[in-house]
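Each remark here refers to the structure printed beneath this line.
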Amino acid sequence: LGPNVVLCNARYPKSIDVKRNLVGPTIKEYAKIGANSTILSGVKVGKHALIGAGTTVVSNVQDYAIVTGNPGKKIGDIRNLNKYELE
Numbered sequence: 070l071g072p073n074v075v076l077c078n079a080r081y082p083k084s085i086d087v088k089r090n091l092v093g094p095t096i097k098e099y100a101k102i103g104a105n106s107t108i109l110s111g112v113k114v115g116k117h118a119l120i121g122a123g124t125t126v127v128s129n130v131q132d133y134a135i136v137t138g139n140p141g142k143k144i145g146d147i148r149n150l151n152k153y154e155l156e
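Okay, so the sequence shown: first residue is 70 according to the working numbering, each after it adds one.
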């Protein structure tokens, strides 16, 4: 997890039952979350997924997905990257 990442645990923060319904996000093995990103309650981030800095993740992220933006959208798959595309 990068610096200032926020992991939310309340789907409905103003609900009177908020403390009974807390559920955080699930982050699978080797996922990378960029700085200042926010992952909403109940969201699942798949294995080896890459979340870009500043992204707001509002829905589940597939394994190996690259997600950026607000709201976060899949823009690619890390298995399709090579070192030349990253430069």
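We put the beta carbon where it would ideally sit given N, CA and C, even for glycine.
What span of residues does the beta strand (DSSP E) with residue i cover, start to end?
i: Thr137; result: Ala134 to Thr137
Buried or exposed: which applies to residue i, given that a residue is buried once 16 or more other Cβ atoms fall within 10 Å of its Cβ?
i: Ala104; result: exposed
i: Leu179; result: Residue 179 is absent from the model: the chain starts at 70 and stops at 156.
i: Thr95; result: exposed
Using a Cβ cut-off of 8 Å (strictly closer), state whether residue i contacts chain B.
i: Gly141; result: Chain labels in this structure do not include chain B; a single protein chain is all it has.
Going by DSSP, name the residue or residues bridged to residue i.
i: Gly145; result: Ile135
i: Ile120; result: Ile102 and Val136
i: Lys113; result: Thr95
Once the 5 residues before and after residue i are set aside, which same chain residues still bring their CB inside 7 Å of it?
i: Ala122; result: Gly71, Gly103, Ala104, Asn105 and Ser106
i: Leu91; result: Asn78 and Ala79
i: Lys142; result: Val136
Looking only at its chain, what residues have a beta carbon closer than 6 Å to the beta carbon of residue i, apart from the 5 residues adjacent to it on each side?
i: Leu109; result: Cys77 and Val127
i: Val75; result: Thr107
Among residues of its own chain, excluding the 5 on either side of residue i, which ones have a beta-carbon nearer than 8 Å to its beta-carbon?
i: Tyr133; result: Gly115, Lys116, His117, Ala118, Asp146, Ile147 and Arg148
i: Tyr99; result: Lys116 and His117
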